[in-house]
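Following: one structure in structure tokens, then a few remarks.
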Amino acid sequence: SEWDADSRACAACGVGKYSNTSLGGKYNNSIMAGKISICTLCPVGRYNPFQGQGSCTACATGKMSSADRSSCGDCPAGTYVYNKESCEWCPSGTYAPSALQDACLDCTAGF
2 SEWDADSRAC
12 AACGVGKYSN
22 TSLGGKYNNS
32 IMAGKISICT
42 LCPVGRYNPF
52 QGQGSCTACA
62 TGKMSSADRS
72 SCGDCPAGTY
82 VYNKESCEWC
92 PSGTYAPSAL
102 QDACLDCTAG
112 F
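Residues 2 to 112 (this note's numbering) make up the sequence shown, in order.
Next comes the structure, spelled out in structure tokens:
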């Protein structure tokens, strides 16, 4: 939940964020008064397509999370997922026909 200082109430965390600090959605106003938000963007390689969640889901192998962490997607052909953070071009002599994680495949002799 995010603390809405104007209404002095909790609001659900948005898509791509989570909060595991809620105790049944009830907060002590004096504790929360100085806080603007207790929602956290999902870590790289994880996503959350729903509001009001307490955790994020890991992206499938070979996929990476979008910048807003609302979904996971593929890198384009010829690239690979590096450290779950970015799409990197395959080095010369290698290829990636589809999403791969952390490496490209070696080309066979003659190609």
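Quick reminder that beta carbons are idealized off the backbone N, C-alpha and C, glycines included.
Please classify Ala110 as buried or exposed, where buried requires at least 16 other C-beta atoms within 10 Å of its C-beta. Along the sequence shown, one-based indexing puts residue 110 at 109. Exposed, by the Cβ-count rule.
Those residues which DSSP pairs with Cys73 across a bridge: On the sequence shown, residue 73 is found 72 positions in, with the first residue counted as 1. Cys73 pairs with Ser66.
Cα separation between Tyr96 and Lys64? One-based indexing of the sequence shown puts residue 96 at position 95. One-based indexing of the sequence shown puts residue 64 at position 63. Computed Cα separation, rounded: 17 Å.
Name the residue from Tyr83, Asp69, Pro92 and Cys88 whose alpha carbon lies nearest to the alpha carbon of Pro77. Within the sequence shown, residue 77 is the residue found at index 76, counting from 1. Taking each of Tyr83, Asp69, Pro92 and Cys88 in turn and checking the Cα distance to Pro77, the smallest one comes out for Cys88.
Can you check whether the CB of Gly74 is closer than 9 Å to the CB of Asn49? What you label residue 49 is simply residue 48 of the sequence shown in a count that begins at 1. What you label residue 74 is simply residue 73 of the sequence shown in a count that begins at 1. Going by C-beta atoms, Asn49 is not nearer than 9 Å to Gly74.
Beta carbon of Ala13, beta carbon of Gly46: below 9 Å? Translated into the one-based positions of the sequence shown, residue 13 becomes position 12. Translated into the one-based positions of the sequence shown, residue 46 becomes position 45. No, the Cβ-Cβ distance between Ala13 and Gly46 is not below 9 Å.
Could you tell me which residues DSSP puts in a beta bridge with Asp107? Translated into positions along the sequence shown, residue 107 becomes position 106. Assignment of beta-bridge partners to Asp107 by DSSP yields Thr95.
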